[in-house]
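Visitor: When the count follows the working numbering, it moves up by one through the sequence shown with no breaks and lands on 399 for the last residue.
Pasting in a structure now, in structure tokens, and then I'll have a few things to ask.
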Amino acid sequence: MNGFLKALLPLSVLLITACAGTPEENEPAELTDFVIERELDRLWATTVGEGQGKGLYQLRPVVEGDTLYVVSADGVLQAHDALSGKQRWKRKLELTISGGVGIDDERLFLGTTEGLVLALDQEGAELWRAKVNGEVLAPPVSNDDIVVVQTYDGQLVAFDAGNGEKRWTYTASVPRLTLRGTSTPVLDGQFVFAGLANGRIVALDEKTGELRWEQRVSVAKGSTEIERLSDVDGSLLLDSGVIYAAGYQGKLIAVEARSGRRMWERDLSSHTGPVEGYGNVYVADAEGSIHAFEKNGQGVIWTQTILSRRKLTEPAILSGSLVVGDFEGYLHFVSQVDGHLVSRVQVDDSGMRAPMLVNEDRLYAFSNAGTLVAYSFDRSGSTSSKRSFGPRQLR
């Protein structure tokens, strides 16, 4: 029965929205004209396999040195020069990739729908593979010593990064019905931090996998399983010794990383993770509003609601602007200071689901259909070309 319920997750997520109000109330906000304040340069673009696939995967590219690595759901793994976009190599894996790419100083890591964990060298040659009990929906995370994998069925498994031998396993309880996704673990040299489908975040001993502390982010409420969804699926943010986490139908919380002491919380429902900048914590909620909170939890700096119900991605920060993607493939750039729109561009019309990657002054986006594109803000510094932006004007 549990497997059957999980198979219905994409439909269940739609039902949550549909039950919330009238059809008119649930329509995504229309894009309106505005004045572009920051022009974007499209530096290069290419196509990678079938992109994110049909399994609601979120495959984000990574950069190591001057090389960008990206993998598609149908197993096309590519390496590109991060500056020029020139392809350095391409491999076709006969696997369905659901988690990746993870990286350390020497290796790439991937996870599959069948619970395989692969380690490859930085030329794409396989080094080892191991098996876990469930689907891997987040990129494996490595510190060069171990690689930690989080599975859809509530396990965190650590392997020796060099040879694939299992070091430890931690198993959490999983509700009968969960959102489609898992949080990406965070390693800090002492602890492994992870968000779970049961609405909690945990800190595990990096060497042994023993539980050091846990905190509840979301509390399951309601009489139906849909009403009781409480996953922590978004990325955790570790900054200056504090863990920030957001939960679906729950809260945004700040927790002292070493002790697990709860520092502050705000009521907020989100299936993506927070980011930080300018002394603030930014998060996109489940209804499509973007919020800026003071890091100390003392107040809300601003809230932007113009993108309501547009199924926003996890935010990223590029050169002083906050950026989110949406279900129509648009990237929306807003001011970190007050949240007003400063720019917009459409990657393609297939939609954006995966978080974007920012490396220095470049942003990399990987669309649902497989368009991989690099952007930066116009470096000319000119502000004389401000113009009105219509919904279908700029590609």
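Cβ atoms here follow ideal geometry from the backbone N, Cα and C, with glycine treated the same way.
All values derive from a computational prediction rather than experimental measurement.
#1: Which partner residues does H344 have in the DSSP bridge list?
#2: For L241, write down the residues that DSSP places opposite it in a beta bridge.
#3: For the beta strand (DSSP E) that G254 lies in, which residues bound it at each end?
#4: Express the C-alpha separation of L376 and R357 in angstroms, rounding to a whole number.
#5: Per the contact definition of three or more C-beta pairs closer than 8 angstroms, is the segment 44–64 in contact with the segment 72–92?
#6: As an exercise, report each continuous beta strand (DSSP E) stretch of at least 3 residues that is fully enclosed by the segment 30–56, in chain order.
#7: When you compare only the Cα positions, how much space is there between L120 and R133?
#8: Would you kindly check if the distance between the Cβ of G213 and the Cβ of I205 is under 8 angstroms?
#9: Pop quiz: T155 and G374 are said to be a contact at Cβ under 8 angstroms. What is the actual Cβ separation, rounded to whole angstroms?
#10: Starting from I164 and walking both ways along the beta strand (DSSP E), at which residues does that stretch end?
#11: Report the residue from G324, S323, D330 and A83 whose alpha carbon sits nearest the alpha carbon of T276.
#12: Should Q302 go down as buried or exposed, given a rule of 16 or more other Cβ atoms within 10 Å for buried?
#13: Relative to the C-alpha of S146, which candidate in F197, T186 and S177 has its C-alpha closest?
#14: Would R383 and L47 qualify as a contact pair, given that the criterion is a beta-carbon distance under 8 angstroms?
#15: Considering only C-alpha positions, which residue in the set L60, Q62, D108 and G103 is nearest to T71?
#16: Does the beta-carbon distance from S371 to G355 come in below 8 angstroms?
#17: Since A33 and I310 are thought to touch, with beta carbons under 8 angstroms apart, how far apart are those beta carbons, to the nearest angstrom?
#18: Please name the residue in L97, G281, V328 and R265 whose C-alpha comes closest to that of I294.
#19: Which partner residues of S146 appear in the DSSP bridge assignment?
#20: Distance check for Y252 and R313, CA to CA, integer angstroms please.
#21: Just mark Q308 as buried or exposed, buried being the case when its beta carbon has 16 or more other beta carbons within 10 Å.
#22: Using 10 angstroms around the beta-carbon of S88, count the other beta-carbons present and answer buried if the total reaches 16, otherwise exposed.
#23: May I have the straight-line CA-CA distance separating R180 from G69, to the nearest angstrom?
#24: For T100, tell me which candidate among V80, T317, G106 and I257 has the shortest Cα-Cα distance.
#25: Going along the chain, which unbroken runs of the beta strand (DSSP E) with 3 or more residues stay wholly within the segment 58–125?
#26: Whole angstroms is fine: what's the gap from F195's alpha carbon to V341's?
#27: Which class does M267 belong to by DSSP, given the choice of helix, strand or coil?
#28: Rounded to the nearest angstrom, what separates A123 and F38 at their Cα positions?
#29: Could you have a look at D410 and say whether DSSP puts it in helix, strand or coil?
#30: Would you tell me roughly how many angstroms separate the C-alpha atoms of G166 and E364, rounded to the nearest one?
Guide: On the basis of the coordinates in this document:
#1: In the sequence shown, the residue the question calls residue 344 occupies position 340. According to DSSP, which records beta bridges pairwise, H344 is partnered with nothing at all.
#2: In the sequence shown, the residue the question calls residue 241 occupies position 237. Looking at the DSSP assignment, L241 forms a beta bridge with Y248.
#3: Taking the first residue of the sequence shown as 1, we reach residue 254 at position 250. Per DSSP, G254 belongs to the beta strand (DSSP E) from G254 to E260.
#4: As a first step, residue 357 must be located in the sequence shown, where it is residue number 353. As a first step, residue 376 must be located in the sequence shown, where it is residue number 372. Roughly 13 angstroms separates the two Cα atoms.
#5: yes
#6: At a cut-off of 3 residues, the continuous stretches assigned as beta strand (DSSP E) that sit fully inside the segment 30–56 are 44–51.
#7: In the sequence shown, counting from the first residue as 1, residue 120 sits at position 116. In the sequence shown, counting from the first residue as 1, residue 133 sits at position 129. About 7 angstroms.
#8: Counting from one through the sequence shown, the residue named residue 205 turns up at place 201. Counting from one through the sequence shown, the residue named residue 213 turns up at place 209. With respect to the 8 angstroms criterion, I205 and G213 are not classified as neighbours on the basis of their beta carbons.
#9: Numbered from 1 along the sequence shown, position 151 holds the residue referred to as residue 155. Numbered from 1 along the sequence shown, position 370 holds the residue referred to as residue 374. Their Cβ separation, rounded to whole angstroms, is 25 angstroms, which puts T155 and G374 out of contact at 8 angstroms.
#10: One-based indexing of the sequence shown puts residue 164 at position 160. Looking at the sequence shown, residue 164 is not Ile but Asp. Where D164 is concerned, the enclosing beta strand (DSSP E) stretches over Q159 to D164.
#11: Start at 1 with the first residue of the sequence shown, and residue 276 comes out as number 272. Selected option, being the one with the closest Cα: D330.
#12: As a working mapping, residue 302 is identified with position 298 in the sequence shown. It counts as exposed.
#13: Sequence index remark: in the sequence shown, residue 146 carries index 142 (1-based). S146 has its Cα closest to that of F197, out of F197, T186 and S177.
#14: Within the sequence shown, numbered from 1, the residue matching residue 383 stands at position 379. Within the sequence shown, numbered from 1, the residue matching residue 47 stands at position 43. Going by C-beta atoms, R383 is not nearer than 8 angstroms to L47.
#15: For the purposes of this step, residue 71 is taken as residue 67 along the sequence shown, with counting starting at 1. For T71, the nearest C-alpha among the options comes from D108.
#16: Mapped onto the sequence shown, residue 371 falls at position 367. Mapped onto the sequence shown, residue 355 falls at position 351. Contact: yes.
#17: Within the sequence shown, residue 33 is the residue found at index 29, counting from 1. Within the sequence shown, residue 310 is the residue found at index 306, counting from 1. That pair is a contact at about 6 angstroms.
#18: Translated into positions along the sequence shown, residue 294 becomes position 290. It is V328 whose Cα lies nearest to the Cα of I294.
#19: To locate residue 146, count along the sequence shown from 1; it is residue 142. DSSP output for S146 lists V151 as bridge partner(s).
#20: Counting from 1 along the sequence shown, the entry for residue 313 is found at position 309. Counting from 1 along the sequence shown, the entry for residue 252 is found at position 248. Roughly 15 angstroms separates the two Cα atoms.
#21: Residue mapping note: residue 308 aligns to position 304 of the sequence shown, counting from 1. By the 10 Å Cβ count, Q308 comes out buried.
#22: Within the sequence shown, residue 88 is the residue found at index 84, counting from 1. S88 comes out exposed.
#23: As a first step, residue 180 is located in the sequence shown; it is residue number 176 there, counting from the start. As a first step, residue 69 is located in the sequence shown; it is residue number 65 there, counting from the start. In a straight line, the C-alpha of R180 is about 42 angstroms away from that of G69.
#24: Sequence index remark: in the sequence shown, residue 100 carries index 96 (1-based). Minimum Cα distance to T100 is reached at V80.
#25: 66–68, 71–75, 80–85, 91–96, 101–107, 111–116 and 120–125
#26: Reading the sequence shown from its first residue, position 191 is the one you call residue 195. Reading the sequence shown from its first residue, position 337 is the one you call residue 341. Roughly 33 angstroms between the two C-alpha positions.
#27: Working through the sequence shown from its first residue, we reach residue 267 at position 263. It is a strand residue.
#28: Translated into the one-based positions of the sequence shown, residue 123 becomes position 119. Translated into the one-based positions of the sequence shown, residue 38 becomes position 34. Going from the Cα of A123 to the Cα of F38 covers about 46 angstroms.
#29: The chain is shown from 5 up to 399; residue 410 falls before or after that span and cannot be answered.
#30: Counted from its first residue, the sequence shown places residue 166 at position 162. Counted from its first residue, the sequence shown places residue 364 at position 360. Their Cα atoms are separated by approximately 29 angstroms.
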